[in-house]
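Participant:
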Amino acid sequence: MDSVTSSHSPAPGSTNGYTGLENGPYPDSNGDSMASTSFSSQPVNGYSQQNPFQAHDDAIVRHLYHSGFQSGNYADTFLHVLGSVYRLHAIILSRSPYLAHLMSTSPQTSPHAIYVQVEHEPEVSQEGFAIALGYLYSSESLGLIRSENARGVLAAACLLGGMDELCAYAYDVCRQSITVDSINDWVDFIDSLRSPSLSGVSTPVEMSLPSTSIFGLYAPRLKDDVDNFLTITLPNILGVNVASSPPQQEGSKTGRDTLLHIYSRVPFDFFKRAVESPQFQIGSDQARFKFAKEAIEMRKRGIARGSGSEETVVLAFGGTSHGASAVHVTRKMRKRPLWKVNSP
117 MDSVTSSHSP APGSTNGYTG LENGPYPDSN GDSMASTSFS SQPVNGYSQQ NPFQAHDDAI
177 VRHLYHSGFQ SGNYADTFLH VLGSVYRLHA IILSRSPYLA HLMSTSPQTS PHAIYVQVEH
237 EPEVSQEGFA IALGYLYSSE SLGLIRSENA RGVLAAACLL GGMDELCAYA YDVCRQSITV
297 DSINDWVDFI DSLRSPSLSG VSTPVEMSLP STSIFGLYAP RLKDDVDNFL TITLPNILGV
357 NVASSPPQQE GSKTGRDTLL HIYSRVPFDF FKRAVESPQF QIGSDQARFK FAKEAIEMRK
417 RGIARGSGSE ETVVLAFGGT SHGASAVHVT RKMRKRPLWK VNSP
């Protein structure tokens, strides 16, 4: 079918057919002022002024999400990521500073194709990235966030930028997902963000999270959450901080056994920081010393086995200042044996 050319072309300087206006307010009926369609929520003469077109706005957002994002109708941009292709819309994607930059610097084709390289960011999952993309269209995608995918959503949201509310929501789900069952995974995650420790030091210095972490400010927050859970919350949940525990039945596993098992697998700096903390309430100093000693024995058969280092714990009697820990954990590198070579 032949194309039809309109006999009316927009006037110079017009936008979407309106001269001098960029989708903005139009002159009112009197011609002497600009009418606005915004409605303030501030009370006027004691009455709140509500937007009578809120339902209309909500319908537009739902249409954008279901027809635009989920169905990909009228897409002008193909986004390639993690082996998947999304049919999307440049005007919506421009809400993300990261994607806006990518669109402006990639070759201009029709439809426009952009490629997001996240292979070097293992925390950005396919599901998490899809939820973050959906949030550019509507907050409806928040309903898809669960404890299992929240970390991937947070990573994708931090990468794309321009969605602080999604980051905060996903972070809160992450924080609440730190439990007895998931703590080992969270410890491994935090440890993967750390800089490698220097070999040959007797007691490793505090390791900081790299500033290049995709999680930005949420990386130290998650670290603190894991630390607090290990040091304060976990002993409370397991009832290890109770002064007099109920008699243990033969063959039964107590909360202390579970705590020992977890601490036998955490990296050394987690172990040292928690055991030495006054907030690690599992009884007297002697009880903490005994706990640390048993944990170190388990660590020798597991996480510390073959590491070339030796972990020890000491209990200081007297002389400690108020609030200081009487239990001290150290790690030293084992000395390599020296072989004497006799000259012929």
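Convert by adding 116 to the 1-based position in the sequence shown; the result is the number in our numbering. C-beta atoms are modelled at their ideal positions from N, C-alpha and C, and glycine is treated no differently.
Grab the span of the beta strand (DSSP E) containing residue 229 for me, first residue to last.
Facilitator: Counting along the chain, the beta strand (DSSP E) containing residue 229 begins and ends at 228 to 231.
Participant: Near residue 233, what residues of its chain come up, given a Cβ to Cβ distance below 6 Å and the 5 sequence neighbours on each side ignored?
Facilitator: Correct list: empty, nothing qualifies.
Participant: Going by DSSP, which residues form a beta bridge with residue 202?
Facilitator: Beta-bridge pairing links residue 202 to 195.
Participant: Check whether the Cβ of residue 211 lies closer than 8 Å to any Cβ atom in chain D.
Facilitator: Considering every chain present, this structure includes no chain D. It has just one protein chain.
Participant: Taking Cβ to Cβ, would you say residue 385 is nearer than 8 Å to residue 431?
Facilitator: For residue 385 and residue 431, no; Cβs fall outside 8 Å.
Participant: Does the segment 244 to 254 come close enough to the segment 197 to 212 to have 3 or more Cβ pairs within less than 8 Å?
Facilitator: Yes: at least three Cβ pairs fall under 8 Å.
Participant: For residue 404 versus residue 391, is the C-beta distance shorter than 8 Å?
Facilitator: Yes, the Cβ-Cβ distance between residue 404 and residue 391 is below 8 Å.
Participant: Using the C-alpha atoms, what's the distance from residue 382 back to residue 300?
Facilitator: Those two C-alpha atoms are separated by around 8 Å.
Participant: Does DSSP put residue 443 in a helix, a strand or coil?
Facilitator: DSSP places residue 443 in strand when its eight states are reduced to three.
Participant: Cβ of residue 242 within 8 Å of Cβ of residue 198?
Facilitator: Against a cut-off of 8 Å, the Cβ pair of residue 198 and residue 242 comes out as a contact.
Participant: Keeping to the same chain, check which residues put their C-beta closer than 8 Å to that of residue 283; ignore five residues upstream and five downstream.
Facilitator: The answer, listed in chain order, is 270, 273, 274, 334.
Participant: Could you tell me if residue 201 is buried or exposed, where buried requires 16 or more neighbouring beta carbons within 10 angstroms of its beta carbon?
Facilitator: Residue 201 comes out exposed.
Participant: Residue 303 to residue 374, Cα distance in whole Å?
Facilitator: Looking at the two C-alpha atoms, the distance is approximately 15 Å.
Participant: Give the single residue among 223, 266, 225 whose Cα lies nearest to the Cα of residue 244.
Facilitator: The option with the nearest alpha carbon to residue 244 is 266.
Participant: Leaving out the 5 sequence neighbours to the left and right, which residues in its chain are closer than 7 Å to residue 278 when beta-carbon positions are compared?
Facilitator: Contacts found: 211, 212, 213.
Participant: Could you work out which residue in 187, 218, 235, 220 is closest to residue 204 when comparing CA atoms only?
Facilitator: The shortest C-alpha separation from residue 204 is found at 187.
Participant: Would you list the residues sitting across from residue 414 in a DSSP beta bridge?
Facilitator: For residue 414, which the question treats as bridged, DSSP gives no partner whatsoever.
Participant: Which same chain residues end up closer than 7 Å to residue 357 when comparing Cβ atoms and leaving out the 5 residues on each side of it in sequence?
Facilitator: Answer for residue 357: 351, 397, 398, listed in chain order.
Participant: On a CA-only basis, which of 226, 290, 379 is nearest residue 413? Give me that one, please.
Facilitator: Residue 379 is the option with its Cα nearest to residue 413.
Participant: For the alpha helix (DSSP H) holding residue 308, just list the boundary residues, first then last.
Facilitator: It spans 299 to 308 - the alpha helix (DSSP H) in which residue 308 sits, taken as one unbroken run.
Participant: Would you mind sorting residue 152 into buried or exposed? The rule is 16 or more other CB atoms within 10 Å of its CB.
Facilitator: Reliability of the predicted coordinates at residue 152 is poor, the pLDDT of 48 falling under 50, and the value obtained from them is presented with this limitation in mind. Per the 10 Å Cβ criterion, exposed.
Participant: Can you look up residue 177 in the DSSP assignment and give me helix, strand or coil?
Facilitator: Residue 177 falls in the helix class under three-state DSSP.
Participant: Do you know offhand how far residue 449's Cα is from residue 238's?
Facilitator: Those two C-alpha atoms are separated by around 32 Å.
Participant: How close, in whole Å, do the beta carbons of residue 445 and residue 427 come, if the pair is a contact with beta carbons under 8 Å?
Facilitator: Sure, about 7 Å apart at Cβ, within 8 Å.
Participant: Taking the beta strand (DSSP E) that residue 431 falls in, what are its first and last residues?
Facilitator: Run containing residue 431: 425 to 431, per the beta strand (DSSP E) assignment.
Participant: Restricting to Cα atoms, I'd like to know which of 291, 297, 330, 377 is closest to residue 344.
Facilitator: The residue with the shortest Cα to Cα distance from residue 344 is 291.
Participant: Please classify residue 408 as buried or exposed, where buried requires at least 16 other C-beta atoms within 10 Å of its C-beta.
Facilitator: Result: buried.
Participant: Once the 5 residues before and after residue 218 are set aside, which same chain residues still bring their CB inside 6 Å of it?
Facilitator: Counting only Cβ-Cβ distances below 6 Å, and skipping sequence neighbours, we find 230.
Participant: From this set, 289, 181, 168, which residue's C-alpha is nearest residue 257's C-alpha?
Facilitator: The option with the nearest alpha carbon to residue 257 is 181.
Participant: Report the residue ranges of all beta strand (DSSP E) runs contained in full by the segment 211 to 280; include only those spanning at least 3 residues, in chain order.
Facilitator: Qualifying beta strand (DSSP E) stretches, in chain order: 228 to 231.
Participant: Report buried or exposed for residue 207, applying the criterion of at least 16 other Cβ atoms within 10 angstroms of its Cβ.
Facilitator: Exposed, because fewer than 16 other Cβ atoms sit within 10 Å of the Cβ of residue 207.
Participant: Among 185, 306, 183, 168, whose alpha-carbon lies nearest the alpha-carbon of residue 331?
Facilitator: Closest option to residue 331, Cα to Cα, is 306.
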